[in-house]
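A.B. asks: Taking the numbering used here, the leading residue of the sequence shown gets 114, the next gets one more, and so forth. Don't be surprised by glycine CBs; every beta carbon is placed ideally from N, CA and C. No experiment lies behind these values; they were computed from the predicted model shown. Here you go, one structure.
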Amino acid sequence: MPRGGRRRSIRWRRCSGEKECQGPQGHQGLQGRPGKAVCPALADLAVLGVLGGRGAVAPVSVAVRAAGLSKAYRDGLRRVEVLREIDLAVEPGEMVAIVGPSGSGKSTLLHLLGALDRPDAGSVVIGGTSLAGMSGAELAAFRNRTIGFVFQFHQLLPDFTALENVMLPGRIAGREPGAVHAHARDLLAEVGLAERFDHFPSQLSGGERQRVA
Numbered sequence: 114m115p116r117g118g119r120r121r122s123i124r125w126r127r128c129s130g131e132k133e134c135q136g137p138q139g140h141q142g143l144q145g146r147p148g149k150a151v152c153p154a155l156a157d158l159a160v161l162g163v164l165g166g167r168g169a170v171a172p173v174s175v176a177v178r179a180a181g182l183s184k185a186y187r188d189g190l191r192r193v194e195v196l197r198e199i200d201l202a203v204e205p206g207e208m209v210a211i212v213g214p215s216g217s218g219k220s221t222l223l224h225l226l227g228a229l230d231r232p233d234a235g236s237v238v239i240g241g242t243s244l245a246g247m248s249g250a251e252l253a254a255f256r257n258r259t260i261g262f263v264f265q266f267h268q269l270l271p272d273f274t275a276l277e278n279v280m281l282p283g284r285i286a287g288r289e290p291g292a293v294h295a296h297a298r299d300l301l302a303e304v305g306l307a308e309r310f311d312h313f314p315s316q317l318s319g320g321e322r323q324r325v326a
């Protein structure tokens with residue numbers, strides 16, 4: 114995120130229905146039914162433009178837009194509805210944190226926004242490009258070109274050095290090797306790892322691994 118960019122936190126909580134809802138704009142029911150809804154819980158969210166359900170107004174210019182996202186999974190014979198008709202917009206240069214209790218759908222939403230999974234219904238548009246209708250190979254190429262991930266666990270390849278791990282996405286994308294090598298060195302130097310180019314993940318601290326990631 115560029116320095117000086119906006120920060121926003123989306124906080125979800127279990128909502129017990131319209132009478133007890135603490136949402137800043139009243140009960141919005143992101144999952145549509147009183148007693149089983151997930152609503153924004155902090156008053157400042159309304160000011161910062163969180164989209165909390167049907168009828169919310171999106172920013173004019175958005176980097177990421179989700180509309181009507183729904184996702185369910187099978188747990189044996191039981192169908193578990195994780196997300197229902199979620200709307201979200203993120204402006205360019207804005208930092209957004211999605212926080213909430215376990216099971217409220219945070220990881221599922223991030224997987225859909227990151228093109229790692231497909232919604233049962235709804236759409237995701239990133240930088241003006243719709244993910245709808247893309248094949249698995251097209252989604253993989255789009256992630257490689259467009260989306261950066263920093264996972265809770267670093268996901269580095271243990272047999273590759275820090276430099277080689279950073280170079281890998283560029284090599285997969287078919288970019289010129291010399292340019293990829295130079296760019297990877299610049300990126301590692303930018304996060305204070307100029308002395309760690311040739312170190313393997315097992316030789317790095319936890320914080321250093323995250324910076325490589």
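In terms of residues, what are the limits of the alpha helix (DSSP H) holding aspartate 311?
C.D. replies: Element bounds for aspartate 311: n/a, residue is neither H nor E.
A.B. asks: Are at least three pairs of beta-carbons, each pair with one atom in the region 256-264 and one in the region 193-213, less than 8 Å apart?
C.D. replies: No: fewer than three Cβ pairs fall under 8 Å.
A.B. asks: Does the Cβ of leucine 251 have 16 or more other Cβ atoms within 10 Å, making it buried, or fewer, making it exposed?
C.D. replies: The question names leucine, but residue 251 in the sequence shown is glutamate. Classification for glutamate 251: exposed.
A.B. asks: In chain order, what residues of the same chain have a beta carbon less than 7 Å from the beta carbon of glutamine 268, not counting five sequence neighbours either side?
C.D. replies: Answer for glutamine 268: Ala326, listed in chain order.
A.B. asks: In angstroms, rounded to a whole number, what distance separates the CA positions of isoleucine 285 and asparagine 278?
C.D. replies: Cα to Cα, the separation comes out at about 11 Å.
A.B. asks: Check whether the Cβ atoms of phenylalanine 310 and leucine 301 sit closer than 8 Å, and answer yes or no.
C.D. replies: Yes, they are a contact pair.
A.B. asks: Among Phe264, Val238, Arg231, Val237, which has the Cα closest to the Cα of glycine 249?
C.D. replies: It is Arg231.
A.B. asks: In the DSSP assignment, find the beta strand (DSSP E) that holds aspartate 200 and state where it starts and stops.
C.D. replies: Here the beta strand (DSSP E) through aspartate 200 covers 191-203.
A.B. asks: Enumerate, from N- to C-terminal direction, the unbroken alpha helix (DSSP H) stretches of 4 or more residues contained entirely within the region 203-257.
C.D. replies: With a minimum length of 4 residues, the continuous alpha helix (DSSP H) runs that stay inside the region 203-257 are 219-226.
A.B. asks: How would you write the range of the alpha helix (DSSP H) that aspartate 272 sits in, first residue to last?
C.D. replies: No alpha helix (DSSP H) contains aspartate 272, which DSSP labels as neither H nor E.
A.B. asks: How should arginine 288 be labelled, buried or exposed, when 16 other C-beta atoms within 10 angstroms of its C-beta is the threshold for buried?
C.D. replies: That one is exposed.
A.B. asks: Mind reading off the beta-carbon distance from alanine 234 to serine 183? Whole number of angstroms is fine, and I expect it under 8 Å.
C.D. replies: About 4 Å; that satisfies the 8 Å criterion.
A.B. asks: By DSSP, does glycine 305 sit in helix, in strand, or in coil?
C.D. replies: Coil, per DSSP.
A.B. asks: Answer yes or no: the CB of leucine 222 versus the heavy atoms of the ligand SAM, is any distance below 7 Å?
C.D. replies: In the structure shown, the ligand SAM is absent, as is every other ligand, since no ligand is present at all.
A.B. asks: From valine 175 to glycine 181, what does the alpha carbon distance come to, in whole angstroms?
C.D. replies: Their Cα atoms are separated by approximately 16 Å.
A.B. asks: Roughly how many angstroms lie between the CA atoms of phenylalanine 273 and alanine 292, to the nearest whole one?
C.D. replies: Approximately 19 Å between the Cα atoms of the pair.
A.B. asks: Can you pull the DSSP bridge partners for alanine 180?
C.D. replies: Note: alanine 180 sits in a beta bridge opposite Ser236.
A.B. asks: So threonine 221 and leucine 196 are supposed to be a Cβ contact under 8 Å. How far apart are they, rounded?
C.D. replies: Their Cβ separation, rounded to whole angstroms, is 6 Å, which keeps threonine 221 and leucine 196 in contact under 8 Å.
A.B. asks: Between the beta-carbon of leucine 226 and the beta-carbon of valine 237, is there less than 8 Å?
C.D. replies: In contact: leucine 226 and valine 237 (Cβ atoms closer than 8 Å).
A.B. asks: For alanine 185, which of Phe266, Ala179, Val263, Glu198 has the nearest alpha-carbon?
C.D. replies: Selected option, being the one with the closest Cα: Glu198.
A.B. asks: Pull the bridge partners of alanine 185 from the DSSP assignment, please.
C.D. replies: According to DSSP, alanine 185 bridges with Glu194.
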